[in-house]
Ligand code: MN
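In the working numbering, the protein residues as written are 151 to 442.
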C-alpha cells in the first residue's frame with residue numbers, strides 16, 4: 151500500500167461565535183483549501199478549541215434553528231451540551247460523548263451549555279462536524295444516535311495505554327458505535343507521548359485530522375501542533391501518527407459522495423430548487439415547532 155501524504159497543515163483562524171456559546175474556528179469549508187467539495191462527505195467542521203467560560207445562570211448556546219439534508223455530529227471533549235428538538239427529543243452530551251443527529255428531511259433544534267455545568271463554568275472544547283447525505287437519503291426521517299463514551303469501542307494499541315476510540319466505521323476490524331449512510335470512519339486516537347498509530351483508508355476517501363490535545367508527527371516528518379487541522383492527500387492509503395506529547399487526535403475519512411452540492415446556511419441539498427423548497431417548508435412551519 152502506498153503512503154498517504156500530508157497535503158496541508160492548517161492553523162486555526164480567528165474564532166467566531168455561533169450563538170453566544172460556541173467559540174469556534176471553522177476548518178471546513180474554511181478559506182484554506184478544505185472546501186465542501188474537497189472534503190465531501192465532510193461538509194462543515196467547527197472546532198471550539200479549549201476555552202474557559204465563566205459561570206452563569208443563563209446558559210449560553212445557540213437558539214432554535216433548522217437543518218436539512220445532512221447529519222450533525224457533536225463530539226464533546228470538555229464541557230456539557232444540552233439539546234432539544236422539535237420532535238420532542240432532548241438530551242445531554244457530556245465529556246467524551248458523541249451525538250450523531252441525522253437531520254435528513256428536517257429538524258428544528260437548539261443547543262446550549264447544560265444548565266448545571268453552565269452555573270460553574272469551566273473549560274469547554276467541542277467539535278461539530280456535518281456529514282453529507284446522498285440524494286436518496288436527504289429526505290429520510292430524522293433520528294438521533296446518542297453515543298455515551300462507555301459504549302464507544304476502544305482498541306488498545308500498546309502497553310503505554312494508547313487507544314483508538316471507534317466512533318464510526320472500523321479500526322483494526324473493530325466496528326464503531328454509530329451507523330452511517332455512506333462509508334465514514336471517525337476515530338479518536340488517544341496517544342501517550344512516544345506512541346504511534348497507523349491508519350489506512352482507500353485513497354479516494356477524503357481524510358483529515360484535528361489535533362485536539364498535544365502534538366503529533368505524521369509519517370515521521372510532518373509536525374502538527376495543538377488545534378491544527380491536517381488535510382491528507384489522496385495519493386495513497388496508509389499513514390502514521392506519532393505523539394510527541396500526550397495527544398488526542400480526531401481522525402476522519404469518508405467516501406466522497408459524487409453529487410452536486412447546493413448549500414445555504416443550515417440546508418445542504420443537491421439543487422438550488424431544493425434549497426428554495428427547504429426555505430419554503432421552514433417558513434410554512436413544516437419543520438415543526440420548538441419554544442425558544
Ligand atoms: Mn444545529
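For glycine and all other residues, C-beta sits at the position ideal for the given N, C-alpha and C.
Residue 363: member of the beta strand (DSSP E) spanning 356-363, first to last residue. With contact defined as three or more Cβ pairs closer than 8 Å, the region 421-437 and the region 210-228 are in contact. Per the coordinates, the alpha-carbon of residue 258 lies some 6 Å from the alpha-carbon of residue 437. The beta-carbon separation of residue 303 and residue 325, rounded to 7 Å, stays under the 8 Å limit for a contact. Secondary structure at residue 285: helix, using DSSP grouped into helix, strand and coil. Beta-carbon to beta-carbon, residue 233 and residue 261 are separated by about 5 Å, close enough to satisfy the 8 Å threshold. Segment contact: the region 392-404 against the region 363-370, three or more CB-CB distances shorter than 8 Å; contact assigned. In terms of Cβ geometry, residue 335 and residue 404 form a close pair [threshold 8 Å]. Taking 8 Å as the cut-off, the Cβ atoms of residue 350 and residue 315 do not count as close. At a cut-off of 3 residues, the continuous stretches assigned as beta strand (DSSP E) that sit fully inside the region 293-356 are 293-297, 304-306, 313-318, 334-341, 346-350.
Residue 154 counts as buried, since no fewer than 16 other beta carbons sit within 10 angstroms of its beta carbon. Contact between residue 277 and residue 225 holds, since their C-beta atoms are separated by about 4 Å, short of 8 Å.
With respect to the C-alpha of residue 428, the residue from 321, 253, 331, 301 having the closest C-alpha is 253. Closest option to residue 209, judged by alpha-carbon separation, among 380, 268, 340, 177: 268. Residue 189 carries a helical assignment under DSSP once its states are collapsed to helix, strand and coil. Between residue 228 and residue 273, the C-beta spacing is below 8 Å. With contacts defined as CB atoms closer than 8 Å, residue 178 and residue 372 fail to qualify as a contacting pair.
Between the ligand MN and residue 215, a heavy atom-to-CB distance of less than 7 Å is present.
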